[in-house]
Amino acid sequence: MAGKPKLYYINGRGRMETIRWLLAAAGVEFEEQFIESNEDLEKLRKDGVLLFQQAPMVEIDGMKMVQTRAILNYIATKYNLYGKDVKQRALIDMYCEGTMDLYELMLMLPIRPADTREKEFANIVEKATTRYFPVFEKVLKDHRQNFLVGNQLSKADIQLLEAILMAEELKADILSQFPLLKAFKVRISSIPTVKKFLQPGSPRKPPMEVKDVPGIMKIFYG
1 MAGKPKLYYI
11 NGRGRMETIR
21 WLLAAAGVEF
31 EEQFIESNED
41 LEKLRKDGVL
51 LFQQAPMVEI
61 DGMKMVQTRA
71 ILNYIATKYN
81 LYGKDVKQRA
91 LIDMYCEGTM
101 DLYELMLMLP
111 IRPADTREKE
121 FANIVEKATT
131 RYFPVFEKVL
141 KDHRQNFLVG
151 NQLSKADIQL
161 LEAILMAEEL
171 KADILSQFPL
181 LKAFKVRISS
191 IPTVKKFLQP
201 GSPRKPPMEV
211 KDVPGIMKIF
221 YG
């Protein structure tokens with residue numbers, strides 16, 4: 001019997017958090033090996049386990065997988081979170097790529113120079129409310145189903161929920177104009193495996209703050 005997936009990354013959100021979300025939603029327990037110093041990262045590189053010398057890396061089913069999207073696609077396929085056919089997968093991929101674009105903007109906010117952070121915050125709110133969230137509100141309105149694709153849970157739903165909650169951390173009322181997304185948030189958050197991940201003490205990581213940036217940069221860049 002295969003062991004639990006093992007996740008190699010810093011003890012923070014970053015590019016691993018969506019992987020944690022998806023494993024948790026699939027009901028898969030996992031272990032984490034935190035990279036706590038640049039020396040830890042260099043050791044993984046020297047050991048040859050980081051294909052492109054980058055983290056995150058996930059050990060799963062005898063593989064040492066890198067590249068976030070490849071890992072997410074593997075998990076989604078393995079645990080039936082990737083639609084029923086090629087057309088559904090195409091929709092899921094499109095929605096996930098859009099969500100990831102927004103996620104990346106939010107992820108990078110604490111790293112931005114202090115004198116540009118306010119402008120970047122306004123840019124994130126503007127794009128969330130005029131470019132990204134309206135798309136998903138329309139999808140839910142047009143097909144009148146509980147999930148984004150095929151009326152079954154997929155990685156698109158999980159990634160959208162993660163992005164919504166992250167956006168609400170920045171601006172609590174950011175969904176005020178999107179009633180269907182509000183209902184979607186409640187609905188997906190109520191799925192037992194997701195609800196468990198949202199409880200205190202779960203492997204979910206807190207938001208990265210400006211004060212965390214120097215330590216994280218030291219791990220990755222020495």
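One point on numbering: in the UniProt record's numbering, the residue at position 59 of the sequence shown is 59, and numbering is uninterrupted.
Backbone N, C-alpha and C define an ideal beta-carbon position, used for all residues, glycine too.
Note that this is a predicted model, so its numbers are computed, not measured.
Separation of residue j from residue i, as counted between CA atoms
i: N80; j: M217; result: 36 Å
i: M57; j: Y74; result: 13 Å
i: T68; j: E137; result: 26 Å
i: A167; j: M106; result: 7 Å
i: E32; j: E126; result: 35 Å
i: S37; j: M100; result: 27 Å
i: G3; j: A24; result: 16 Å
i: Q53; j: V66; result: 9 Å
i: K78; j: R89; result: 13 Å
i: V210; j: D85; result: 42 Å
i: E162; j: F220; result: 24 Å
i: E39; j: V28; result: 30 Å
i: A183; j: T129; result: 16 Å
i: K43; j: G62; result: 20 Å
i: P5; j: I60; result: 5 Å
i: G222; j: G215; result: 10 Å
i: R144; j: R112; result: 39 Å
i: R20; j: L170; result: 21 Å
i: N146; j: R117; result: 36 Å
i: K64; j: S190; result: 32 Å
i: Y95; j: L41; result: 32 Å
i: K195; j: R45; result: 36 Å
i: T193; j: L109; result: 29 Å
i: K87; j: Q199; result: 34 Å
Beta-carbon separation (whole angstroms), residue i vs residue j, contact threshold 8 Å
i: A55; j: Y9; result: 5 Å
i: L148; j: L160; result: 7 Å
i: G83; j: G150; result: 6 Å
i: V139; j: G98; result: Contact flag wrong, Cβ pair sits at about 11 Å.
i: F178; j: F133; result: 5 Å
Residue i classed as buried or exposed, judged by whether at least 16 other C-beta atoms fall within 10 angstroms
i: V213; result: exposed
i: Y103; result: buried
i: R131; result: exposed
i: A172; result: exposed
i: A114; result: exposed
i: A76; result: buried
Distance cut-off 7 Å: residue i Cβ against heavy atoms of the ligand COA
i: K84; result: With respect to the ligand COA, the structure offers nothing, as it holds no ligand at all.
C-beta contact flag for residue i and residue j at 8 Å
i: L22; j: L72; result: yes
i: I164; j: L181; result: yes
i: I188; j: D157; result: yes
i: I92; j: K155; result: yes
i: N11; j: F30; result: no
Any C-beta of chain C under 8 Å from that of residue i
i: L109; result: The structure shown contains no chain C, having only a single protein chain.
Q | At least 3 beta-carbon pairs within less than 8 Å: the stretch 48 to 61 vs the stretch 119 to 127 | A | Contact fails: fewer than three Cβ-Cβ distances are below 8 Å.
Q.
Check whether the stretch 199 to 208 and the stretch 12 to 22 are in contact - that is, three or more C-beta pairs closer than 8 Å.
A. Yes, they touch.
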